[in-house]
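Chemist:
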Amino acid sequence: MSRIRKAIFPVAGLGTRFLPATKAMPKEMLPVVDRPLIQHVVDEAREAGIEHFIFVTGRNKSVIEDHFDRQFELELTLVERGKKEELSLLSQDLPEAGTASFTRQQSPLGLGHAVWCARELVGNEPFALLLPDVLVQHEPGCLAQMIDAANALDTNANIIAVEEVPSDRVHMYGIVGVGETKGKAFSITGMVEKPKAADAPSNLSITGRYILQPEIFEVLSKQSAGAGGEIQLTDAMLALAKTQPFYGLKFDGRSFDCGSKIGFLAANIAYGLEREDIAPELRAEMQRMLGGK
Ligand code: G1P
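Each residue of the sequence shown is one higher than the one before, counting from 304 in my numbering.
1) What residue from 587, 586, 538, 519 has the CA that sits closest to residue 421's CA?
2) Cα separation between residue 405 and residue 481?
3) Please classify residue 583: does DSSP put it in a helix, a strand, or coil?
4) Are residue 355 and residue 402 touching if we call contact CB-CB under 8 Å?
5) My output table needs one value for residue 416: the three-state DSSP class, helix, strand or coil.
6) Compare the C-alpha of residue 550 against each of 515, 381, 575 and name the closest.
7) Could you tell me which uninterrupted alpha helix (DSSP H) segments, each at least 4 residues in length, are contained entirely in the stretch 327 to 367, listed from first to last along the chain?
8) Going by the beta-carbon positions, is the gap between residue 338 and residue 446 smaller than 8 Å?
9) Are the beta-carbon atoms of residue 496 and residue 539 separated by less than 8 Å?
10) Go ahead and pull the three-state DSSP assignment for residue 403.
11) Which residues bound the beta strand (DSSP E) around residue 484?
12) To the nearest angstrom, report how far apart residue 398 and residue 525 are at their CA atoms.
13) Between the alpha carbons of residue 572 and residue 325, how many angstroms are there, rounded?
14) Would you kindly work out how many angstroms separate the C-alpha atoms of residue 377 and residue 502, rounded to a whole number?
15) For residue 533, which of 416, 594, 583 has the nearest alpha-carbon?
16) Between the C-alpha atoms of residue 472 and residue 479, what's the straight-line distance to the nearest angstrom?
17) Is any heavy atom of the ligand G1P found at a distance shorter than 7 Å from the C-beta of residue 496?
18) Does the Cβ of residue 408 lie closer than 7 Å to at least one heavy atom of the ligand G1P?
19) Measure the alpha-carbon distance for residue 510 versus residue 343 and round it to whole angstroms.
20) At what residues does the alpha helix (DSSP H) containing residue 540 begin and finish?
21) Among 465, 309, 584, 372, which one has its Cα closest to the Cα of residue 448?
22) Within its chain, find whatever has a CB closer than 8 Å to the CB of residue 569; leave out the 5 residues flanking it on each side and keep chain order.
23) Compare the Cα-Cα distances from residue 437 to each of 330, 360, 580 and report the closest residue.
24) So what does DSSP say about residue 440, is it helix, strand or coil?
25) With a threshold of 7 Å (Cβ to nearest heavy atom), would residue 524 be considered close to the ligand G1P?
26) Answer yes or no: do residue 340 and residue 333 have a C-beta to C-beta separation smaller than 8 Å?
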């Protein structure tokens, strides 16, 4: 497969599950420890070798654009106060000039439509898609594992990260059907968006990381609405699967669905426990709260 250089981040969602926190602030800017959700996901993409970051934003999301820009007043104040560590933290995260692009999804028509909005920025090459609601805690990251697996597959392969979910949760995700094993991956035999448990082809859910071929845009341009009245990416992938191979990869690592309150809180604890600077105190605090020793 040719090198994956570009990644799409759909960040136009309204974040209704986190109101009122998300009334004036995009949900993607909610912090997991001290980094916004979107920054964690961009970090994962960058570590996987992504060079161009494409954000599909919406109204009231301009603060995401600001986050990936310089903040001169702040930098100046940090310089004046000799805060070198904070300054280097800011410069590490800054995308190189010209490598972050922003386009707007003008109407909330679904994930498939959001991806289609990035077609001109992606052009005619395979690309990664990362949903910022999902964090995967692992080294190497989920996308790096997928790119690694992709190298052993057909040149026109599409790859989806999947993980097992309990049957009472399959109705919340896209679910794939499982075919033959190929290296670390397996052939996907079907896909259905948010099925009832009884209709689900397996208990393997689509986790929010994809490597897709550019032909998906042609399929998405037909823009027919599916589950929930939205233009579903899963439906477009199913259509593309008639002419191109789709593979699932069970990645290593723990995922957190930060679109849910519990997933978000769990991610904060898990990422906090991995941080040398705060883990001991956090652990002690948790033990106190839970009434432990
Ligand atoms: C989207 C996808 C779904 C996937 C999920 C992962 O759904 O449509 O297939 O399983 O993300 O988080 P959403 O959560 O946007 O409804």
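We put the CB at the ideal spot given by N, CA and C, even for glycine.
Modeler: Result, derived from the coordinates:
1) 519
2) 35 Å
3) helix
4) yes
5) helix
6) 515
7) 340 to 350
8) no
9) no
10) strand
11) 477 to 485
12) 34 Å
13) 21 Å
14) 53 Å
15) 416
16) 14 Å
17) yes
18) no
19) 16 Å
20) 536 to 543
21) 465
22) 559
23) 330
24) strand
25) no
26) yes
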